[in-house]
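First the structure, in the form of structure tokens, and then the observations on it.
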Amino acid sequence: MTSSPGNGAARAGEALLAVDGLTAGYGGGDILKGVSFSVARHEIMCIVGPNGSGKSTLLSTIVGILRPRRGQIAFQGESLIGLAPRQVLSKGMVMVPQAHSLFAGMTVRENVEMGAFTVGDSRVVRRRREEIEEMFPLVRERARDKAGSLSGGQQRLVELARSLMLDPSLIVLDEPSIGLDPPTRRSVFGMIRLMNQQGRTILLVEQNARAGLKLSTRGLVLENGKVRLSGTGREILEHPEISSLYLGGAVSSATPRS
Ligand SMILES: Nc1ncnc2c1ncn2[C@@H]1O[C@H](COP(=O)(O)OP(=O)(O)O)[C@@H](O)[C@H]1O
Ligand SMILES: [Mg+2]
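Numbering-wise (our numbering), the sequence shown opens with residue 104 and increments by one.
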């Protein structure tokens, strides 16, 4: 795997992703109500918040699946507003959705190679796939098995592997640890950390707020479509109100619905 992702020259200190005043919804009222934050290069940023607060909506809007009503999204200094998801992908931002997204009847290798669907050069596809198999032994060991025969945690690892095929500078992950037991979650988080150490910036949503914030350099609490708090992972973990609302303190009306 290349140590410096190919999309754009890295300029220290510049925000890789800048979201400003983002307002979006699905037809009725607004779900996101003026969300602003930025993600610096090389950081791991974790979004936490109750179920229904708009976390997935925010990610969908950033990657171009949902068009915002107002606000700006800039990636590497360029506006993404109006771009289709495929164009956003080609700029170097890849999302791994919350629901399992592998093609169960296809092999692990076929699934991983599909991650490079916009790369025309088959030699590039092959070289990247080999680098990824080096990094994810599971992908090599199970290359010829149907993706549907893998456990949930193994499938999540294959999804992470697949996300690397476009050599992204930003990887967006919606609840990567959902449904995983703690040891499997640790191995998924270990791979996220490794991808970050290789120079990729990570933006993730985590329902397991404590584990997600510990993994991350910075965090953001989204509540009812607004940024309630942002800061370092530690600042959020140690914030008294946040800790009682989301991190296993006092039970309240903000307890996740499901
Ligand atoms: N495709 C959709 N169409 C209409 N409403 C939606 C859709 N997806 C999510 N919502 C609504 O938007 C709100 C925020 O949902 P979501 O972004 O999924 O929250 P979170 O990821 O924080 O749990 C919820 O009220 C949800 O019911
Ligand atoms: Mg969600």
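Ideal Cβ placement from N, Cα and C applies to all residues, glycine included.
Reference residue i; option with closest CA among the options
i	options	result
alanine 314	Gln300, Arg288, Arg331, Thr304	Arg288
glutamine 201	Asn299, Glu244, Glu309	Glu309
glycine 282	Ile295, Gln300, Leu297, Gln258	Gln258
phenylalanine 292	Gly302, Gly256, Arg321	Gly256
valine 218	Arg231, Pro153, Arg331, Leu316	In the sequence as presented, valine is not what sits at residue 218; that position holds glycine. Per the Cα distances, Arg231.
alanine 177	Met198, Ala143, Arg189	Ala143
alanine 302	Ser280, Ile274, Leu323	It is glycine, not alanine, that sits at residue 302 in the sequence shown. With distances taken between Cα atoms, glycine 302 lies closest to Ile274.
glutamate 234	Leu260, Asn214, Ala264, Ala127	Ala264
glutamate 117	His145, Leu135, Val138	His145
threonine 210	Leu119, Ala250, Cys149	Ala250
C-alpha gap between residue i and residue j, whole angstroms
i	j	result
aspartate 277	leucine 306	9 angstroms
glycine 130	threonine 160	13 angstroms
asparagine 327	aspartate 133	10 angstroms
leucine 267	arginine 212	13 angstroms
lysine 329	serine 204	28 angstroms
valine 228	alanine 312	35 angstroms
leucine 348	proline 153	9 angstroms
lysine 316	valine 222	Looking at the sequence provided, one finds leucine at residue 316 rather than lysine. Between leucine 316 and valine 222, the C-alpha separation is close to 34 angstroms.
glycine 334	serine 290	26 angstroms
isoleucine 295	leucine 269	16 angstroms
Burial state of residue i (16 or more Cβ within 10 Å)
i	result
glutamate 262	buried
alanine 187	exposed
proline 271	buried
phenylalanine 140	buried
glutamate 344	exposed
asparagine 156	It is worth fixing the name first, because residue 156 is serine in this sequence and not asparagine. Label assigned to serine 156: buried.
glycine 180	exposed
arginine 245	buried
proline 286	exposed
threonine 304	buried
glycine 185	exposed
phenylalanine 206	exposed
threonine 164	buried
arginine 114	Residue placement at arginine 114 is flagged as unreliable, the pLDDT there being 48, under the threshold of 50; the coordinate-derived value follows with that caveat. Arginine 114 comes out exposed.
phenylalanine 220	exposed
serine 254	exposed
arginine 321	buried
Below-7 angstroms beta-carbon distance, residue i vs any chain D residue
i	result
glycine 218	Of the protein chains in the structure, only one exists, and it is not chain D.
What residue ranges within the segment 198–234 form continuous alpha helix (DSSP H) runs of no fewer than 4 residues, ordered along the chain?
Qualifying alpha helix (DSSP H) stretches, in chain order: 211–217.
What does the shell around ligand 1 hold, if a residue joins when its beta-carbon is under 5 angstroms from any heavy atom? Tyr129, Ile134, Asn154, Gly155, Ser156, Gly157, Lys158, Ser159, Thr160
Ignoring anything shorter than 3 residues or poking outside the segment 244–318, list the beta strand (DSSP E) runs there in chain order. 273–277, 304–308
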